[in-house]
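I have placed the structure first, in the form of structure tokens, so that the comments after it can refer back to it.
Chains as they are written, first to last, in our numbering: chain W, 1 to 551; chain V, 552 to 1239.
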């Protein structure tokens, strides 16, 4: 095919990215749930006629990065090109084929000009409920986690599959939001499709083939070039997370071989009988995310940029579990994968990685255990790891891109009353550059009946490690006003009037704390981020509480 | 006898623009350099020049807009402030949304709060979400802060308690005590500045207000004294970010409300020129040296956003600034201007901006030391700009320098200089068009039926290409583009807006209590309007509400009625459903609507100014021809060159051509027809 001139290519490519962003914006604008609208827990992308991803919208979810791209190939295997008609829309939530939990619903729309299939729009959104046990790690098998939808037609030549919608409505706790968001997903794809057809007409293109070739080949070449800048070798890192019954080990080996990367997780823990197994798609997504951040942040996600990267994990391990493993809370393990990958790369490109941070975003669910059936969810984050050139941000979600809701909104929609939500002094790991601080959150539940609380938390046992002499951040904690020690990840039934406290972990430090600028230590003390006692023990500096006398 | 005189002054980053109206007629304009560090000095100078031949005592109104507040936030040149919060919540500004604004940048910098942690104090008090007092405020704790506030030489104080939008009594009690003990220190309370749910946004807004308040107050005092000294005895009105007006007294209490006053006035001017009867929807497009701004106008009124982001750490990245939740003209801003630098990106493809050569060193063709090719250099190579008539001939452009810089970029792309220049021009147009597309779809709008109104130094040069990329068929190029914002200030009806958060399902609203609350907001609006000099005649009231379906994450603002007595469940549900269907096509089943915030806007009658003569020369408007590049012609064609100041109303011209004026050049491609209307506008339609 004729090669495109660089100007036309630049214009067509940015326009195609805009089309994907318009698709996502339309979806968010018509969504019924804050998690999609404000937290941005969705992904959206445009694909060529062969199902190869060409552009992805800028949204907040690394977990969907190439899982959406992979899922398209499963859609096409189930419904090959010749079986698709204009007006068809496909759906699935198969965790192994998409992004690793039943709550993530993927919706795909083929686009036609006349009879010719020219591409696809796909998106994946977190449904507020999918039945089963609700979003927790409680299940032993995926069957307990809710409704499974194999790859099916949601629309057949413009006709909604009412039978399927009936089944969905009957199986979920919030039918109007779930079905409402499905409509938003269909609408988002439709807006994308309309724009794409207009755009092909405007630029007098018959299809996406030429553009697809350019986008994929240039992205692949740029990714390979970026990988070539990293010295060859195999770099390893082993990290631990709390797990539920037993700690989880993540063993990561990153092999740089000229212009390709292989990431292998052999030696990681076997799959567990709790809902925290991570399907390979999700493992690959968070692995690719970390590689992109450290090695090729400028190359956009598409089929070409994925090519030079291979991610493997032994079948039956917690990072590649066999069906029917339970998977709902896979993020409590999956969110640690970037730390493992960056930890391995710290050996060879320390100036391009960050120390370990708090890990997963803490998702806390509180629900009534009596006649009052309230249920409410809020997110909270600990500190990010320090960087090789600056402190880590406090209370900032990483690697997840989820935003937290204001306390006032959570209180307006639930019987929760927040008593305290402030930074935890001394929780940032000491270092030349300090880790970000975690936070302490104290919540009273004002109901006249017992309630159940579970927090998908971590780092109560294993704090965030510092790098290259940096010290660990403070571990997390969970307490209740009735005093008994509890596992916060499980459903804890508590008597009315009980207060619970979440202590979010801090990030690890970078480089030896002895190298920290004394003025920075003094400033931290004056700001109440570090106590004078810890300034003395961690940094060897006598500082009065107003920050005086650090030199 | 002489008619009353009205003066508008707009302080921008580089220039202070002034406009004088006699009655409804524009009679003089002036432009002076903005003076730092005391912009009031430049204003006094400018007014002196503007009114040189006019009796100062006949001035009946001075309308003023300024970037002072915005600049103070960007440059962090505000005051030493303290923040008082509910005990246990003093880190609201540090935590924010706990979210990174760039997913792939590990070295991201989060915006630093304007008040350091050591001057944030928690006080024992608590109001719950339903407005009940859980813990009464402990005023002894507030009193105990006084020595520390004194010792830290605090110049202003912000108070933001949880759920104060529900019950402001605790904030008021704290403020009363502080004002009594520290009478010289202004106190800003969140329930006055931004009485809306969401502690991060409300606190951020309150703190920003306190931070700029002392500076702005001093500035206003100086300005008032200067006006008085020059013999002007007229009310000073300040343009707000919404395009409404406020008295100087309101503005000095709430300076944060004029964060975007200049751009708001620019959108008002575009609205006026684009559609005097309000019948057309207007896409206001302003492109300057470093940024392009755009706003949408429907039915004569600019789209208003509920919040804005100030002082972004990464200039054009959403989420990297501080949220300011006060109503503001809904502006899009992107890093595309005449000074934007062209380069080769990651994939060997041409990229333009957001890095800018700005005005120093500026584009290569300015000859001030710039050596990287910019958008203006490309525009010169493409034949759009006249090297002998830039800024009306005050500045000669270096064509050879521009050509050489563009050619050197072209060698890396294997393109001829003219094709390289065309690439730069097209890529920057596409960047702006793509951003405009996103802006539109996020607001549920289709831009194609809009009329594009182009202003700014580079706006008229790029409007043609941007309109083509967006499928817009009608463009307007107003006269006096150089002082557009100042002119816009005199087209604005005085208006005041109030908001009150009272979240509730529609079925659960206490309508009696609500009508009382709305009545109070209307009375406040009336008294502000009267203070602003508007009579009772022609005053209009609008009640609106932010409504969503229960469970949705975002609300839409729905206009309800001018009459508080009409407020009831049926009206609110009907209007909401109508607007919802218009935007989204279908409604969700089995859900109830809930109201978050009630809004009241009280406006006076809009002045209808006349523009005055644009034509200053009776010479032949046709100055000649030169080669110019157009995508439609797939290359260079011979186009006509016209003089804007010789084009009389009724003149009809055809593209390809350029129309030269002092501050810009209007570019119209093949297939474009120009008609000069009675206001001196160039109205352009694109065939097909």
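Glycine is no exception: its CB is placed at the ideal position from the N, C-alpha and C atoms. Note that this is a predicted model, so its numbers are computed, not measured.
Might you give, ordered along the chain, the residues of its own chain that have their beta carbon closer than 6 Å to the beta carbon of residue 237/W, omitting 5 neighbours on each side?
As a working note, residue 237/W is residue 237 in the first chain. Answer for residue 237/W: 252, 340, 343, 344, listed in chain order.
With a cut-off of 8 Å, does the C-beta of residue 252/W fall near any C-beta of chain V?
The residue labelled residue 252/W in the question sits at position 252 within the first chain. No, because no Cβ of chain V sits closer than 8 Å to the Cβ of residue 252/W.
Applying the criterion that 16 or more other CB atoms from any shown protein chain within 10 Å of the CB defines a buried residue, is residue 362/W buried or exposed?
Here residue 362/W is taken as the residue at index 362 of the first chain, counted from 1. A residue is called buried once 16 or more other Cβ atoms fall within 10 Å of its Cβ, and residue 362/W is buried on that count.
Quick check on this structure: which residue in 848/V, 1191/V, 1090/V, 877/V has the alpha carbon closest to the alpha carbon of residue 825/V?
Position 274 of the second chain, counted from the start, is the residue given in the question as residue 825/V. Distance from the Cα of residue 825/V is smallest, within the candidate group 848/V, 1191/V, 1090/V, 877/V, for 848/V.
Short Cβ contact (8 Å threshold) for residue 499/V with residue 935/V
Residue coverage of chain V in this structure runs from 552 to 1239, which leaves residue 499/V outside it and unanswerable.
Sequence ranges, alpha helix (DSSP H) only - wholly within the stretch 936 to 991 of chain V, length at least 4
Segments of the alpha helix (DSSP H) lying fully in the stretch 936 to 991 of chain V: 950 to 964.
With 16 other Cβ atoms within 10 Å as the buried cut-off, status of residue 257/W
Within the first chain, the letter at position 257 stands for residue 257/W. If you draw a 10 Å sphere on the C-beta of residue 257/W, you find fewer than 16 other C-beta atoms in it, and that means exposed.
Name, going along the chain, the residues of the stretch 382 to 399 of chain W whose beta-carbon falls closer than 8 Å to a beta-carbon of chain V.
Listed by position, the residues of the stretch 382 to 399 of chain W near chain V (Cβ gap below 8 Å) are 387, 389, 390, 393, 394, 395, 396, 397, 398.
Buried or exposed (CB count within 10 angstroms, at least 16 for buried), residue 13/W
Walking along the first chain from the start, residue 13/W turns up at place 13. Per the 10 Å Cβ criterion, buried.
If contacts are defined as beta-carbon pairs under 8 Å, then residue 1095/V and residue 1111/V qualify, I think. What distance do you get, rounded to the angstrom?
For this step, residue 1095/V is matched to residue 544 along the second chain. For this step, residue 1111/V is matched to residue 560 along the second chain. That belief holds up - the Cβ atoms of residue 1095/V and residue 1111/V are roughly 6 Å apart, short of 8 Å.
Whole angstroms is fine: what's the gap from residue 1/W's alpha carbon to residue 297/W's?
The residue you call residue 1/W lines up with position 1 of the first chain. The residue you call residue 297/W lines up with position 297 of the first chain. Any answer about residue 1/W is weak, because its pLDDT of 45 lies below 50 and its placement is not dependable; what the coordinates show is given next. Taking the straight line joining both Cα atoms gives about 30 Å.
DSSP three-state assignment for residue 658/V, whether helix, strand or coil
Mapped onto the second chain, residue 658/V falls at position 107. Coil at residue 658/V, not helix or strand.
Check whether the stretch 1166 to 1177 of chain V touches the stretch 1193 to 1206 of chain V, taking contact to mean three or more Cβ pairs, one atom from each stretch, closer than 8 Å.
Segment contact: the stretch 1166 to 1177 of chain V against the stretch 1193 to 1206 of chain V, three or more CB-CB distances shorter than 8 Å; contact assigned.
May I ask you to verify whether the stretch 1003 to 1015 of chain V touches the stretch 827 to 846 of chain V, counting CB pairs closer than 8 Å and requiring at least 3?
Cβ pair count under 8 Å is three or more, so yes.
Could you tell me whether the Cβ of residue 22/W comes closer than 8 Å to any Cβ of chain V?
Along the first chain, one-based indexing puts residue 22/W at 22. Closer than 8 Å to some Cβ of chain V, the Cβ of residue 22/W qualifies, so yes.
Check this for me: beta carbons of residue 36/W and residue 125/W, under 8 Å apart or not?
Along the first chain, read from residue 1 onward, the residue named residue 36/W stands at position 36. Along the first chain, read from residue 1 onward, the residue named residue 125/W stands at position 125. Result yes, Cβ atoms of residue 36/W and residue 125/W sit closer than 8 Å.
Under 8 Å, do residue 369/W and residue 493/W count as touching if we go by C-beta distance?
Residue mapping note: residue 369/W aligns to position 369 of the first chain, counting from 1. Residue mapping note: residue 493/W aligns to position 493 of the first chain, counting from 1. Cβ distance < 8 Å, so residue 369/W and residue 493/W count as in contact.
Check whether the stretch 933 to 948 of chain V touches the stretch 860 to 875 of chain V, taking contact to mean three or more Cβ pairs, one atom from each stretch, closer than 8 Å.
No contact exists between the stretch 933 to 948 of chain V and the stretch 860 to 875 of chain V.
Per the contact definition of three or more C-beta pairs closer than 8 Å, is the stretch 420 to 437 of chain W in contact with the stretch 384 to 395 of chain W?
Result yes; three or more Cβ-Cβ pairs closer than 8 Å.
Report the neighbours of residue 489/W on chain V: residues whose CB is nearer than 8 Å to its CB, in chain order.
On the first chain, position 489 is the one that residue 489/W refers to. In chain V, no part has a C-beta under 8 Å from the C-beta of residue 489/W; the shortest such distance is about 20 Å.
Looking at C-beta atoms only, is the number of pairs between the stretch 648 to 656 of chain V and the stretch 585 to 603 of chain V that lie closer than 8 Å three or more?
The stretch 648 to 656 of chain V vs the stretch 585 to 603 of chain V: no contact.
Close-in-space but distant-in-sequence residues of the same chain around residue 750/V (CB under 8 Å, 5 per side omitted):
As a position in the second chain, residue 750/V is number 199, starting the count at 1. Taken in chain order, the residues that qualify are 640, 643, 711, 713.
Neighbourhood of residue 564/W by C-beta, 6 Å cutoff - its chain only, sequence neighbours within 5 removed:
An answer regarding residue 564/W cannot be provided, because it is not within the stretch 1 to 551 covered by chain W.
Chain V contacts made by the stretch 209 to 232 of chain W, where a contact means CB separation under 7 Å:
Cβ contacts with chain V: 218, 222.
Should the stretch 1145 to 1157 of chain V be regarded as contacting the stretch 1044 to 1056 of chain V, the criterion being three or more beta carbon pairs within less than 8 Å?
Three or more beta-carbon pairs drawn from the stretch 1145 to 1157 of chain V and the stretch 1044 to 1056 of chain V are found closer than 8 Å, and the two stretches are therefore classed as touching.
I want to see whether chain W comes within less than 8 Å of residue 1220/V, judged by CB atoms only; does it?
The residue given as residue 1220/V occupies position 669 in the second chain. Not one chain W Cβ lies under 8 Å of residue 1220/V.
Within the same chain, show all residues whose beta-carbon is closer than 8 Å to that of residue 690/V, passing over the 5 residues directly before and after it, in chain order.
For the purposes of this step, residue 690/V is taken as the residue at position 139 of the second chain. Answer for residue 690/V: 724, 725, 728, listed in chain order.
Is residue 648/V close to chain W? Criterion is C-beta to C-beta, closer than 8 Å.
In the second chain, the residue the question calls residue 648/V occupies position 97. Taking Cβ atoms only, chain W reaches closer than 8 Å to residue 648/V, which makes this a yes.
Can you tell me which of the three DSSP states residue 844/V falls into?
Residue mapping note: residue 844/V aligns to position 293 of the second chain, counting from 1. In the three-state reduction of the DSSP assignment, residue 844/V falls in the strand class, which pools E and B.
As a quick exercise: from 680/V, 661/V, 698/V, 655/V, pick the residue whose alpha carbon is nearest that of residue 670/V.
The sequence position of residue 670/V within the second chain is 119, counting from 1. Taking each of 680/V, 661/V, 698/V, 655/V in turn and checking the Cα distance to residue 670/V, the smallest one comes out for 698/V.
Nearest to residue 374/W (by Cα), restricted to the options 152/W, 450/W, 19/W, 84/W:
On the first chain, residue 374/W is found 374 positions in, with the first residue counted as 1. Considering only alpha carbons, the answer is 450/W.
Quick one: what's got a C-beta closer than 7 Å to residue 215/W's C-beta in the same chain, skipping five residues either side?
Counting from one through the first chain, the residue named residue 215/W turns up at place 215. For residue 215/W, the CB contacts under 7 Å within the same chain, skipping 5 residues up- and downstream, are 13, 54, 302, 304 in chain order.
Our contact map puts residue 347/W next to residue 507/W with C-beta atoms below 8 Å; I'd like the distance itself, whole angstroms only.
Here residue 347/W is taken as the residue at index 347 of the first chain, counted from 1. Here residue 507/W is taken as the residue at index 507 of the first chain, counted from 1. That belief does not hold up - the Cβ atoms of residue 347/W and residue 507/W are roughly 20 Å apart, past 8 Å.
Step through the CB atoms of chain V and report whether any lies within less than 8 Å of the CB of residue 293/W.
Numbered from 1 along the first chain, position 293 holds the residue referred to as residue 293/W. So yes, residue 293/W belongs to the interface.
Buried or exposed, going by whether 16 or more other CB atoms sit within 10 Å of the CB of residue 942/V?
Along the second chain, read from residue 1 onward, the residue named residue 942/V stands at position 391. Exposed, since its Cβ has fewer than 16 Cβ neighbours within 10 Å.
Quick one: list the residues of chain W neighbouring residue 985/V, beta-carbon separation under 9 Å, in chain order.
Indexing the second chain from 1 puts residue 985/V at position 434. The contact set of residue 985/V on chain W, defined by CB atoms closer than 9 Å, consists of 14, 15, 17, 18, 21 in chain order.
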